Structures are given as structure tokens and as C-alpha cells.
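See structure below.
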Amino acid sequence: MSVNDVTKSYGKNPALSGLSFSIPCGEKYSLIGPNGAGKSTTLKLLVGLLVPDRGSVSIDGIDPTTKRAKKLIGYLPEDASPYNTLSVRENLEYIGAIREVQNLRERVDQLIYEMGLSEYEKSKVSKLSRGNRQKLAVALSVIHEPDILLLDEPLNYLDIPTQEKTISIFDRLNATVLVSTHIMSIAERLTHGAIVISRGRTIWDGTMEQLKQLGDPTEAIEKIVMRLMTGAAPTH
Numbered sequence: 116m117s118v119n120d121v122t123k124s125y126g127k128n129p130a131l132s133g134l135s136f137s138i139p140c141g142e143k144y145s146l147i148g149p150n151g152a153g154k155s156t157t158l159k160l161l162v163g164l165l166v167p168d169r170g171s172v173s174i175d176g177i178d179p180t181t182k183r184a185k186k187l188i189g190y191l192p193e194d195a196s197p198y199n200t201l202s203v204r205e206n207l208e209y210i211g212a213i214r215e216v217q218n219l220r221e222r223v224d225q226l227i228y229e230m231g232l233s234e235y236e237k238s239k240v241s242k243l244s245r246g247n248r249q250k251l252a253v254a255l256s257v258i259h260e261p262d263i264l265l266l267d268e269p270l271n272y273l274d275i276p277t278q279e280k281t282i283s284i285f286d287r288l289n290a291t292v293l294v295s296t297h298i299m300s301i302a303e304r305l306t307h308g309a310i311v312i313s314r315g316r317t318i319w320d321g322t323m324e325q326l327k328q329l330g331d332p333t334e335a336i337e338k339i340v341m342r343l344m345t346g347a348a349p350t351h
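Per the numbering used here, the sequence shown starts with residue 116, numbered consecutively.
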């Protein structure tokens with residue numbers, strides 16, 4: 116996936132100001148930055164929900180607004196909102212049908228079991244806890260076994276066992292992954308590379324190991340990232 120010199124504003128408020136980066140096929144990267152850095156906007160551009168004011172965005176060389184690109188993508192927005200008036204199973208069956216999933220019933224059964232939703236499968240989404248809604252949102256993002264995963268704070272509201280199960284499901288897909296987060300422990304668990312952004316621009320990208328090498332051996336990676344965001348020089 117590729118983002119090339121992208122600018123995006125909401126009215127007079129700039130969200131992205133010449134953002135550029137690319138992620139090779141099959142790689143897993145985190146998009147790291149403070150609140151308001153433009154992380155969620157970037158994911159919405161990549162999934163085709165927004166279009167850039169300037170610059171270009173592509174998914175596997177394809178315009179993300181096209182039907183062909185959307186078949187490749189699994190998207191988990193922050194604070195996802197599945198259909199409130201449908202049950203857990205109905206949500207999965209509906210999205211699975213739209214995604215043209217083969218053997219849909221078996222796939223729905225599998226995800227309900229793996230995400231620990233068996234006792235809630237007939238429950239309306241409006242009756243679910245926030246954690247169970249997030250479990251359903253995870254299942255919806257992977258039901259069609261996408262080649263590309265765009266994940267916005269994917270482990271929000273999940274307990275530790277469910278976090279581990281979710282990470283296992285993501286890993287099993289062998290997809291190209293971009294995770295938007297400001298929590299470094301999540302970035303390190305889910306991805307091998309990092310793109311650090313601030314004020315809508317890329318300020319650093321590379322592997323997690325390269326990021327750690329910007330600081331002292333005992334220094335927390337959060338402090339290294341904070342220095343990058345504030346423009347302070349590396350310690351060595």
C-alpha cells in the first residue's frame with residue numbers, strides 16, 4: 116500500500132500535510148502518533164471512505180475506492196458500530212454475503228466460536244457489552260480472509276485472553292497489515308515496522324528494532340517515540 120504526498124483537511128483544519136509512506140506486500144506496520152496526528156484519517160483514505168485533497172493513495176496499486184480494492188481489504192475502525200438491530204450471527208451472515216464468502220455458515224460458526232461469542236450469537240448488538248461489540252467488529256473485519264488489514268486501535272475493550280486470540284487470528288491471515296495506535300506495547304505485539312507521524316506528516320519509518328536503536332539499550336521505546344514527535348535529537 117502507498118500514500119504519496121497526501122493532504123487532507125476538514126474545512127480549514129488540516130489533518131494531513133504531505134503525508135507519504137509505503138508498505139511492501141506481506142509486511143506488518145504500525146502507524147504511530149499522538150491523538151490528532153492524522154492516523155484515523157489515513158486509514159479512512161486507505162479504505163476508500165475519504166479521498167485526498169491532494170496526492171494519491173493506492174492499495175496493491177489500485178484506487179481504494181474501487182470494488183476490486185475493497186475485496187482485498189479488511190477494516191476495523193476505532194469504536195466500530197456493527198448493525199445494532201441485527202444479532203451477532205445476522206451481522207456476520209449479512210457482511211459475509213456482501214463479501215461473497217464461500218462456505219459462509221461454516222465461517223460464521225468458526226468466528227463466533229473463536230471470538231467467544233457463542234452465548235451471544237442470537238443477541239442484538241444493541242444489547243452487547245462494549246467488549247463483545249469489539250469482538251464482533253474483529254470478526255467482521257476478517258470474515259472474508261482479506262489480503263490487507265487496516266486496524267484502528269484493534270485491541271480496545273478486549274480482555275487479555277481475547278487479545279491473544281485476536282492476535283492469533285490476525286497472524287493466521289498472513290495479510291499486509293497497518294495498525295493505527297498510540298500504544299507502543301500493541302504496536303510491538305502486532306507489527307514489525309513503524310511509521311511515526313506528527314501533525315499529519317511522516318517523521319520516521321523503519322523496523323521496530325531500528326526504532327529501539329535510536330535510544331539507549333535500557334530506554335523505553337515510548338520515550339524514543341516521544342523525542343521523535345517533539346523533534347528532540349536521538350541520544351546516540
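For every residue, glycine included, the Cβ atom is placed at its ideal position computed from N, Cα and C. It should be emphasised that the depicted structure is a prediction, and the values quoted were computed from it without experimental measurement.
- When Cβ pairs closer than 8 Å are counted between the two stretches, the stretch 253-269 is seen to touch the stretch 185-192, the count reaching three or more.
- DSSP, reduced to helix, strand and coil, places I177 within a strand of the structure shown.
- In this structure, the CA atom of E205 is about 27 Å from the CA atom of P179.
- Restricting attention to V311, E208, L160 and I298, the CA atom closest to the CA of L251 is found in E208.
- DSSP places A195 outside any beta strand (DSSP E), giving it a letter other than H or E.
- Ranking T345, K327 and V294 by CA distance to the CA of K154 puts V294 first.
- With a cutoff of 8 Å on beta-carbon distance, K237 and T200 are scored as not near each other.
- Between E142 and V162, the alpha-carbon positions lie close to 17 Å from each other.
- Between S145 and A290 the beta-carbon gap is near 14 Å, outside 8 Å, which marks them as no contact.
- DSSP places K143 outside any alpha helix (DSSP H); the residue lies instead in the beta strand (DSSP E), whose first and last residues are K143 to I147.
- If you draw a straight line from the Cα of G148 to the Cα of M299, it is about 10 Å long.
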